[in-house]
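Enquirer: Sharing a structure below in structure tokens format, with a few things to ask.
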Amino acid sequence: MNYHSLADFRTAQEAWLDAQLTCSITSLLERRLVTLNVVAQDGLRVRAHAKASSFRRRDKLAELHAQAKAQVQALKRELTEDAGASARRKPPPEPKVPKRSKRRGRGDDPPTGPGAAAAKPEPEPRVSTTDPEARVMKIADGGFRPAFNAQLAVDVQTQLIAAVAITNSGSDMGQMAPMHQDLQHRYATMPEHWLADGGFTKLEAIDEVSERGTQPVLPPPRSRNPDIDRLAPKDSDTPAQAHWRAFMASEFAKDLYVWRGASVECANAQLRRRGLHRFNVCGMVKARAVLLWHALAHNLMRMRSLGIAPAG
3 MNYHSLADFR
13 TAQEAWLDAQ
23 LTCSITSLLE
33 RRLVTLNVVA
43 QDGLRVRAHA
53 KASSFRRRDK
63 LAELHAQAKA
73 QVQALKRELT
83 EDAGASARRK
93 PPPEPKVPKR
103 SKRRGRGDDP
113 PTGPGAAAAK
123 PEPEPRVSTT
133 DPEARVMKIA
143 DGGFRPAFNA
153 QLAVDVQTQL
163 IAAVAITNSG
173 SDMGQMAPMH
183 QDLQHRYATM
193 PEHWLADGGF
203 TKLEAIDEVS
213 ERGTQPVLPP
223 PRSRNPDIDR
233 LAPKDSDTPA
243 QAHWRAFMAS
253 EFAKDLYVWR
263 GASVECANAQ
273 LRRRGLHRFN
283 VCGMVKARAV
293 LLWHALAHNL
303 MRMRSLGIAP
313 AG
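Throughout the sequence shown, residue numbering follows my numbering, covering 3 to 314 in sequence.
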């Protein structure tokens with residue numbers, strides 16, 4: 003077995019792996035060993051296969067491609083007209099450029115003062131030539147590297163992974179509503195509470211998840227004014243947002259929120275311990291297949307710890 007056979011085995015059955023995750027959790031739901039009443043979600047930044055040096059700007063890539071294409075056409079035309087032209091052609095010597103003195107006069111200083119220099123333009127987005135879907139994002143060690151954002155939805159009671167997702171967004175904001183909808187479609191069930199950290203807080207997602215019948219349990223964003231109570235209802239709040247703020251001020255919500263770190267962050271740590279530090283494949287589809295392998299392995303080990311026997 004060579005590298006390509008192993009890589010195909012890991013990534014070619016993404017749909018089958020996804021179905022196995024759904025079937026395994028559904029079997030536990032039917033046996034009432036899992037309830038999915040309380041679900042916790044968290045994002046895990048995993049380094050991509052691409053390296054930072056592989057990122058190029060789109061205009062530069064297009065320019066180099068056009069130059070290479072023109073050069074190839076010129077060589078073909080030259081060979082057609084005169085087969086010996088390539089052997090006889092020698093590149094002209096490069097002109098010598100005098101070295102510029104490091105010492106500059108006062109007249110060489112850049113102009114200063116208001117309006118003397120134009121504002122620095124915004125940097126153009128760059129794409130990796132190795133993995134175009136990878137994005138540079140902040141990872142756990144505080145550095146910025148090409149990575150993917152692996153999303154996990156975990157049953158709080160059992161710490162079993164019920165759903166996974168891969169995105170190339172460096173922020174968790176906007177990831178709660180799609181994951182909640184995916185879980186609802188997978189198992190035709192509606193969690194009673196949905197736990198997440200402050201990075202997932204988005205008012206539109208609060209309305210969407212609440213409208214489906216689930217109570218979001220995540221902290222409101224902090225205000226720049228320390229005198230403003232972030233748990234107090236605001237005039238611009240919708241009824242769902244006002245209810246969410248009031249719920250988060252209760253002692254029950256504070257006690258329930260503690261289970262977020264004890265469930266989904268524990269699952270994240272287990273995946274890290276088993277080697278999920280960097281994807282050795284390219285593309286979000288293949289990266290999701292690798293993430294599914296890790297999720298299934300985690301669930302099997304977790305079922306063994308809980309003493310849950312596979313369905314016969």
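Here a beta-carbon is modelled for each residue, glycine too, at the ideal position from N, C-alpha and C.
Between which two residues does the beta strand (DSSP E) harbouring Gln153 extend?
Expert: Reading the sequence shown from its first residue, position 151 is the one you call residue 153. It spans Phe146 to Asp157 - the beta strand (DSSP E) in which Gln153 sits, taken as one unbroken run.
Enquirer: Which residue's Cα is closest to the Cα of Trp261: Val40, Arg232 and Ser56?
Expert: Working through the sequence shown from its first residue, we reach residue 261 at position 259. Answer by Cα proximity: Val40.
Enquirer: Alpha carbons only, please: which of Asp44, Gly309, Ala14 and Val36 is nearest the one belonging to Thr1?
Expert: In the structure as shown, the chain starts at 3 and stops at 314, and residue 1 therefore has no counterpart that could be examined.
Enquirer: Please classify Cys268 as buried or exposed, where buried requires at least 16 neighbouring CB atoms within 10 angstroms.
Expert: Counted from its first residue, the sequence shown places residue 268 at position 266. Classification for Cys268: exposed.
Enquirer: So, for Ala50: in the same chain, excluding its five sequence neighbours on each side, which residues have a beta-carbon less than 7 Å away from its beta-carbon?
Expert: Numbered from 1 along the sequence shown, position 48 holds the residue referred to as residue 50. Cβ within range, chain order: Asp133, Ala136, Pro148, Ala149, Phe150 and Phe281.
Enquirer: Enumerate in chain order the residues of its own chain whose CB-to-CB distance from Ile141 is below 7 Å, with the five nearest sequence positions on each side excluded.
Expert: Residue numbering aside, residue 141 sits at position 139 when the sequence shown is read from its first letter. Only Arg47, Arg49, Arg147 and Ala149 meet the Cβ criterion.
Enquirer: Measuring alpha carbon to alpha carbon, tell me which residue in Arg290, Met305, Lys78 and Pro312 is nearest Arg12.
Expert: The count along the sequence shown starts at 1 and reaches residue 12 at position 10. Looking at the Cα atoms, Arg290 is the closest of the given residues.
Enquirer: Relative to the C-alpha of Val287, which candidate in Met3, His6 and Leu19 has its C-alpha closest?
Expert: Translated into the one-based positions of the sequence shown, residue 287 becomes position 285. Closest option to Val287, Cα to Cα, is Leu19.
Enquirer: Have a look at Pro228 and Tyr189 and give me their C-alpha separation to the nearest angstrom.
Expert: Looking up residue 228 in the sequence shown gives position 226. Looking up residue 189 in the sequence shown gives position 187. Answer to the nearest angstrom: the Cα atoms are 42 Å apart.
Enquirer: Would you mind listing the alpha helix (DSSP H) stretches within the region 32-83 that are 4+ residues and don't spill past its ends, in chain order?
Expert: Runs found: 60-83.
Enquirer: Establish whether the CB of Trp196 and some CB of chain C are separated by less than 8 Å.
Expert: Given the protein chain composition of this structure (a single chain), no chain C is represented.
Enquirer: Pair every Cβ in the region 244-251 with every Cβ in the region 207-223, then say whether three or more of these pairs are closer than 8 Å.
Expert: Yes: the two stretches touch, three or more of their Cβ pairs being nearer than 8 Å.
Enquirer: Report back the beta-carbon spacing between Val138 and Leu294 to the nearest angstrom; my notes put them in contact at under 8 Å.
Expert: For this step, residue 138 is matched to residue 136 along the sequence shown. For this step, residue 294 is matched to residue 292 along the sequence shown. Contact flag wrong, Cβ pair sits at about 25 Å.
Enquirer: Please confirm whether Arg274 and Ala299 have their CB atoms less than 8 Å apart.
Expert: Here residue 274 refers to the residue found at position 272 of the sequence shown. Here residue 299 refers to the residue found at position 297 of the sequence shown. Cβ distance not < 8 Å, so Arg274 and Ala299 don't count as in contact.
Enquirer: Can you list, in chain order, the residues of its chain whose CB lies under 6 Å from that of Ala42, leaving out five sequence neighbours each side?
Expert: For this step, residue 42 is matched to residue 40 along the sequence shown. Closer than 6 Å at the Cβ level, and outside the excluded window around Ala42, lie Val156, Val158, Leu197, Arg262, Ser265 and Val266.
Enquirer: Please report the distance separating the alpha-carbon of Asp209 from that of Asp257.
Expert: Counting from one through the sequence shown, the residue named residue 209 turns up at place 207. Counting from one through the sequence shown, the residue named residue 257 turns up at place 255. Rounded to the nearest angstrom, the two C-alpha atoms are 23 Å apart.
Enquirer: With distance defined between alpha-carbon atoms, name the residue in Lys53, Arg79, Leu31 and Gln243 nearest to Ala164.
Expert: As a first step, residue 164 is located in the sequence shown; it is residue number 162 there, counting from the start. Closest option to Ala164, Cα to Cα, is Leu31.
Enquirer: On a CA-only basis, which of His187, Val74, Met178 and Gly201 is nearest Gln217? Give me that one, please.
Expert: Here residue 217 refers to the residue found at position 215 when the sequence shown is read from its first residue. Nearest option by C-alpha distance: Met178.
Enquirer: Using the C-alpha atoms, what's the distance from Arg33 back to Asp231?
Expert: Numbered from 1 along the sequence shown, position 229 holds the residue referred to as residue 231. Numbered from 1 along the sequence shown, position 31 holds the residue referred to as residue 33. Distance between the alpha carbons of Asp231 and Arg33 is about 44 Å.
Enquirer: Who are Ser130's beta bridge partners in DSSP?
Expert: Against the sequence shown, residue 130 aligns to sequence position 128. Phe57.
Enquirer: At the level of alpha carbons, what is the spacing between Lys204 and Glu253?
Expert: Residue 204 sits at position 202 when you count from the first residue of the sequence shown. Residue 253 sits at position 251 when you count from the first residue of the sequence shown. So the alpha carbons of these two residues sit roughly 22 Å apart.
Enquirer: Comparing alpha-carbon positions, which option in Ala255, Tyr259 and Glu213 lies nearest Thr321?
Expert: The question about residue 321 has no answer here: the residues shown for the chain are numbered 3 through 314.
Enquirer: When DSSP builds the beta bridges, which residues end up paired with Trp196?
Expert: Position 194 of the sequence shown, counted from the start, is the residue given in the question as residue 196. DSSP output for Trp196 lists Val41 and Pro218 as bridge partner(s).
Enquirer: Taking His187 as the reference, give the member of Ala14, Leu8, Thr28 and Glu16 with the closest Cα.
Expert: Working through the sequence shown from its first residue, we reach residue 187 at position 185. It is Thr28.
Enquirer: By Cβ distance below 8 Å, which residues in the same chain neighbour Pro193 in space, the five residues on each side in sequence not counted?
Expert: Reading the sequence shown from its first residue, position 191 is the one you call residue 193. The residues are Leu38, Asn39, Val40, Val41, His182, Leu185 and Thr216.
Enquirer: Apart from the five residues on each side of it in sequence, which residues of its chain come closer than 7 Å, Cβ to Cβ, to Gln153?
Expert: Here residue 153 refers to the residue found at position 151 of the sequence shown. Excluding positions up to five away in sequence, the list reads Gln43, Gly45, Val166, Ala167, Thr169, Gln177 and Met181.
Enquirer: Whose CA, out of Gly201, Pro127 and Ala297, lies closest to the CA of Ala21?
Expert: Your numbering for residue 21 matches position 19 in the sequence shown. The candidate whose alpha carbon is nearest that of Ala21 is Ala297.
Enquirer: Tell me the residue span of the alpha helix (DSSP H) that contains Met175.
Expert: Working through the sequence shown from its first residue, we reach residue 175 at position 173. Neither: Met175 is in no alpha helix (DSSP H) and is coded neither H nor E.
Enquirer: Measure from the alpha carbon of Val211 to the alpha carbon of each residue in Gln243, Asp237, Leu233 and Arg226, then state which is nearest.
Expert: Within the sequence shown, the letter at position 209 stands for residue 211. For the residues Gln243, Asp237, Leu233 and Arg226, the minimum Cα distance to Val211 belongs to Gln243.
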